[in-house]
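A.B. asks: Just so you know, the protein sequences line up as chains W and X, in that order.
Numbering of the first sequence is given in the numbering used here, commencing with residue 1 and proceeding in unit increments.
Numbering of the second sequence is given in the numbering used here, commencing with residue 303 and proceeding in unit increments.
Here a beta-carbon is modelled for each residue, glycine too, at the ideal position from N, C-alpha and C.
This one's a predicted model, so the numbers in the text were calculated from it and none came from an experiment.
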Amino acid sequence: MSDFSAFSAAPRAVAAPARPGQIALRWLLFSLLGLFALFYLLPLFVMLTTSLKSLEEIRSGSLVSLPREVTFEAWRTAWSGACTGIQCEGLRPYFWNSVLLAVPAVLISTFLGAANGYIIAQWHFRGANLIFSAMLFGCFIPFQVVLLPMARMLGWMGLAGTIPGLIFAHVIYGIGFTTLFFRNFYVTIPSDLVKAAKVDGAGFFRIFWSIFLPLSLPIIVVTVIWQFTQIWNDFLFGVSFSQAGTQPVTVALNNIVNSTTGVKEYNVDMAAAIIAGLPTLLVYVVAGKYFIRGLTAGSVKG
Amino acid sequence: MPPILDIRNLNKNYGAVEILKEVNVSIDQGDFLVLVGPSGCGKSTLLNCIAGLEPISGGSISIGGRDMTRVSPRDRDIAMVFQSYALYPTMTVAKNITFGMKVRGVDAATQTRKLDEVARQLQIEPLLNRRPGQLSGGQRQRVAMGRALVRDPKLFLFDEPLSNLDAKLRVSMRSEIKKLHQNLGATMVYVTHDQIEAMTLATKIVVMKGGEVQQIGTPAEIYNHPANLFVADFMGSPAMNLIPARTQRSGQGLQIEITRPEGAPMVLQSPLAQDLPENVILGLRPEDIIEAGARNGPAVQAAQCRVDLVEPAGADTYVVSELGGKQVTARLHAETKAQPGAMLDLAFDLAKVSFFAPDSGERLN
Numbered sequence: 001m002s003d004f005s006a007f008s009a010a011p012r013a014v015a016a017p018a019r020p021g022q023i024a025l026r027w028l029l030f031s032l033l034g035l036f037a038l039f040y041l042l043p044l045f046v047m048l049t050t051s052l053k054s055l056e057e058i059r060s061g062s063l064v065s066l067p068r069e070v071t072f073e074a075w076r077t078a079w080s081g082a083c084t085g086i087q088c089e090g091l092r093p094y095f096w097n098s099v100l101l102a103v104p105a106v107l108i109s110t111f112l113g114a115a116n117g118y119i120i121a122q123w124h125f126r127g128a129n130l131i132f133s134a135m136l137f138g139c140f141i142p143f144q145v146v147l148l149p150m151a152r153m154l155g156w157m158g159l160a161g162t163i164p165g166l167i168f169a170h171v172i173y174g175i176g177f178t179t180l181f182f183r184n185f186y187v188t189i190p191s192d193l194v195k196a197a198k199v200d201g202a203g204f205f206r207i208f209w210s211i212f213l214p215l216s217l218p219i220i221v222v223t224v225i226w227q228f229t230q231i232w233n234d235f236l237f238g239v240s241f242s243q244a245g246t247q248p249v250t251v252a253l254n255n256i257v258n259s260t261t262g263v264k265e266y267n268v269d270m271a272a273a274i275i276a277g278l279p280t281l282l283v284y285v286v287a288g289k290y291f292i293r294g295l296t297a298g299s300v301k302g
Numbered sequence: 303m304p305p306i307l308d309i310r311n312l313n314k315n316y317g318a319v320e321i322l323k324e325v326n327v328s329i330d331q332g333d334f335l336v337l338v339g340p341s342g343c344g345k346s347t348l349l350n351c352i353a354g355l356e357p358i359s360g361g362s363i364s365i366g367g368r369d370m371t372r373v374s375p376r377d378r379d380i381a382m383v384f385q386s387y388a389l390y391p392t393m394t395v396a397k398n399i400t401f402g403m404k405v406r407g408v409d410a411a412t413q414t415r416k417l418d419e420v421a422r423q424l425q426i427e428p429l430l431n432r433r434p435g436q437l438s439g440g441q442r443q444r445v446a447m448g449r450a451l452v453r454d455p456k457l458f459l460f461d462e463p464l465s466n467l468d469a470k471l472r473v474s475m476r477s478e479i480k481k482l483h484q485n486l487g488a489t490m491v492y493v494t495h496d497q498i499e500a501m502t503l504a505t506k507i508v509v510m511k512g513g514e515v516q517q518i519g520t521p522a523e524i525y526n527h528p529a530n531l532f533v534a535d536f537m538g539s540p541a542m543n544l545i546p547a548r549t550q551r552s553g554q555g556l557q558i559e560i561t562r563p564e565g566a567p568m569v570l571q572s573p574l575a576q577d578l579p580e581n582v583i584l585g586l587r588p589e590d591i592i593e594a595g596a597r598n599g600p601a602v603q604a605a606q607c608r609v610d611l612v613e614p615a616g617a618d619t620y621v622v623s624e625l626g627g628k629q630v631t632a633r634l635h636a637e638t639k640a641q642p643g644a645m646l647d648l649a650f651d652l653a654k655v656s657f658f659a660p661d662s663g664e665r666l667n
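#1: Find the residues of chain W that neighbour X:Thr392, judging by a C-beta separation of less than 7 angstroms, and give them in chain order.
#2: Candidates W:Leu100, W:Ala169, W:Leu41 and W:Leu217: which alpha carbon is nearest W:Phe241's?
#3: According to DSSP, is X:Leu666 part of a helix, a strand, or is it coil?
#4: Using only the alpha-carbon positions, how far apart do W:Val103 and W:Phe125 sit?
#5: For chain X, check one thing: does any of its Cβ atoms lie closer than 8 angstroms to the Cβ of W:Val199?
#6: From X:Leu611 to X:Thr631, what distance separates their C-alpha atoms?
#7: Do X:Phe658 and X:Ala534 come within 8 angstroms of each other at the CB atom, strictly closer than that value?
#8: Does the beta-carbon of X:Met645 have 16 or more other beta-carbons within 10 angstroms, so that it is buried, or is it exposed?
#9: So, with DSSP's three-state summary, where would you put X:Phe650?
#10: Give me, in chain order, the residues of the same chain whose beta-carbon lies closer than 7 angstroms to that of X:Asp330; leave out the 5 immediate sequence neighbours on both sides.
#11: With distances taken between CB atoms, is the gap from X:Met490 to X:Phe334 smaller than 8 angstroms?
#12: Does the separation of the CB atoms of X:Gly344 and X:Ile321 fall below 8 angstroms?
#13: What first and last residue would you give for the alpha helix (DSSP H) that runs through W:Leu166?
#14: Quick one: does W:Arg126 have its CB under 8 angstroms from some CB of chain X?
#15: Take X:Asn678 and list the residues in its own chain whose beta-carbon comes closer than 6 angstroms to its own, dropping the five residues that flank it on each side.
#16: Within the 8 angstroms Cβ cut-off, does X:Leu467 reach chain B?
#17: At the level of alpha carbons, what is the spacing between X:Ala615 and X:Thr638?
#18: The alpha helix (DSSP H) that contains X:Asp535, what's its start and end?
#19: Inspect the beta-carbon positions of X:Arg476 and X:Glu499 and report whether they are closer than 8 angstroms.
#20: For the alpha helix (DSSP H) holding X:Cys351, just list the boundary residues, first then last.
#21: Does W:Gln122 come within less than 8 angstroms of chain X when only Cβ atoms are used?
#22: Under 8 angstroms: do the segment 277 to 288 of chain W and the segment 181 to 188 of chain W share three or more Cβ pairs, one atom per stretch?
#23: Does the beta-carbon of X:His483 have 16 or more other beta-carbons within 10 angstroms, so that it is buried, or is it exposed?
#24: Quick one: Cα of X:Arg453 to Cα of X:Lys480, how far?
#25: Give every residue of the same chain whose Cβ lies closer than 6 angstroms to the Cβ of X:Ala504, excluding the five residues on either side of it in the sequence, and list them in chain order.
#26: Can you tell me whether X:Leu429 is buried or exposed? The criterion is at least 16 other CB atoms within 10 Å of its CB, across all chains shown.
#27: Can you tell me which of W:Ala115, W:Ala287, W:Leu282 and W:Met270 puts its alpha carbon nearest to the alpha carbon of W:Trp79?
#28: Which value, in whole angstroms, describes the spacing of the CA atoms of X:Tyr387 and W:Ile220?
#29: Give me the Cα-Cα distance between W:Arg12 and W:Leu38, rounded to the nearest whole angstrom.
#30: Which runs of the beta strand (DSSP E) at least 3 residues long sit entirely within the segment 51 to 111 of chain W? Give them in chain order.
#31: Report the rounded CA-to-CA distance for W:Asn97 versus W:Arg26, giving the unit in angstroms.
#32: For W:Asp234, write down the residues that DSSP places opposite it in a beta bridge.
#33: From X:Cys351 to X:Leu574, what does the alpha carbon distance come to, in whole angstroms?
#34: Is it a yes or a no for the segment 202 to 218 of chain W touching the segment 147 to 155 of chain W, going by three-plus beta-carbon pairs under 8 angstroms?
#35: If you measure between the beta carbons of X:Gly626 and X:Ile545, is that distance less than 8 angstroms?
#36: Since W:Ile108 contacts W:Ile120 with CB under 8 angstroms, what's their CB separation in whole angstroms?
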């Protein structure tokens, strides 16, 4: 919160007559920020330009030059024609797999996190802290460690190689984070609110639905962004727990890029990579404002 | 008619820590009970126990003649106002007030009628469509009261409802609560650490300390006959003078000797027929130490004291003098001629004197 407020204080500092030292410092700051922005944007620039070039031009031209002739052929191929192994349907079916996987997994894990956070923060029961610590511990377990046990479990549940199986894996893995987010948010809400609602006659679920969930928009946005990014971008669970036909877009992208024979179609690879990354980018653009607000919401009394 | 609230032998422990010890309180319909004590004395916990928000470890609570010891808060027929107001932040004022009725499935027409009634009573009609975040502290306080009033419960519970308000608003809300109590004839239990609030509002006061009830009585009883040194010291502002003294039996009765920093000890005649131990603590309110000649009565006795401090307070002037090794405050007229360092003739009115045992702190008379 402190560095956040330092940024918001900056315009006021400009309004006041600034000393030369301050102006120099500000220029230094902005050039540095600009440099970093450029550094991070450069790969995106290369990807975008390459995806709009023809294969001919890529072979003859420079990596960072703008396309002489803009063509969307590579995008069309990436979406519906590129070959992943023997099938040549492009990213499209796998993209929808990812949507079918990410949307329910995000919603379920967010909802469970909210319920867990509400219980742990506001219904002080014996062992609540222990359970919370155990869930926190879950956040620090690397993906690789749970691969084998999870595979066994999915097989035993009859969900191996299916999208519901992948949803299950992501929900279980995400609960630690989502619970952490919601618990830390709900801990800042005075417990008198629950008491007042109890006296008013509301029960456990009623208080959750009518009072806590409507309060939670900022933290719901944070959790949804976090979970969506995690689940959409996940490769390891996707490649381990799926089979032909249920693979998410990240796995398909890998297959397109790595399984082609002959000439490497850089333009198609780049277009495919952008398509695969687009949804998370979109989520940030749409909800990014709330993301910052939500991350700092817990620290502000309101 | 059974008492509206009857608490018997209530105990409350957190593990091995005893929060409330053997609390017995009962009040009748229309009473205004104030639980008062320093922070950590268990008064808020007791209120939460009455509300059913905290389970109790022993004893029983009955409300309106029904045993409510294990009944959940929603079925106790109570309403509660919290220190933080605890308004539902995402709901409008109207929704806040009707939430309880909505949860209980009261029909919409009744909800609207009661909402209008309460809004008129508390003069919050223009606020009904606002959210709590858009209200001032005093307005939030009113809405919180409205949420309680609309329920029309057997028992109103107030948990330090005024302590978040500024001094001026606090006084005006205090009289409004008192007016409300008189108009509704409702039964209220009110927690505060402010002894003035306790004195002004209560029909019955429970003074608590360390989880134990020190004294239960009307404000006058508590003020004039404090049961022990703690109550004597806690209730009243400025506090009661508690002066160490020695007693001596002589021909005329019991004499009380109080040392002075210089000269012979001051000697007062006990107005009581009863005998007292040799060492006592004499309790006398500042308003019972006055200028010589300002009051007449059988128990008024004059003595000369040296003035250490003069504190004008507008309506009165407080004069501080050292007696028995303690700072003793006298309450004189605003126009007193008292000068620091000079000797002053004071009158001690022992009609309402209290005597306490120095070791146990218990009242002796």
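C.D. replies: The short version:
#1: Listed along chain W, the residues sitting closer than 7 angstroms to X:Thr392 by beta-carbon distance are Pro214 and Leu215.
#2: W:Ala169
#3: coil
#4: 32 angstroms
#5: yes
#6: 9 angstroms
#7: yes
#8: exposed
#9: strand
#10: Pro305 and Ile306
#11: yes
#12: Going by beta carbons, X:Gly344 and X:Ile321 fall inside the 8 angstroms limit.
#13: Ile163 to Tyr186
#14: no
#15: It is not possible to answer for residue 678 of chain X, since the shown part of chain X is limited to 303 through 667.
#16: Reference to chain B is not applicable here, since the protein chains of this structure are W and X.
#17: 12 angstroms
#18: First-last of the alpha helix (DSSP H) with X:Asp535: Leu531 to Phe536.
#19: Result yes, Cβ atoms of X:Arg476 and X:Glu499 sit closer than 8 angstroms.
#20: Lys345 to Ala353
#21: no
#22: no
#23: buried
#24: C-alpha separation (whole angstroms): 19 angstroms.
#25: Phe334, Val336 and Pro521
#26: buried
#27: W:Met270
#28: 26 angstroms
#29: Low per-residue confidence applies at W:Arg12: pLDDT is 48, beneath 50, and the placement is therefore not dependable, though the value from the model is reported in the following sentence. Straight-line Cα distance between these residues: approximately 27 angstroms.
#30: List check, beta strand (DSSP E) in window: nothing returned.
#31: W:Asn97 and W:Arg26 have their C-alpha atoms some 47 angstroms from each other.
#32: According to DSSP, W:Asp234 bridges with nothing at all.
#33: 42 angstroms
#34: no
#35: yes
#36: Their Cβ separation, rounded to whole angstroms, is 18 angstroms, which puts W:Ile108 and W:Ile120 out of contact at 8 angstroms.
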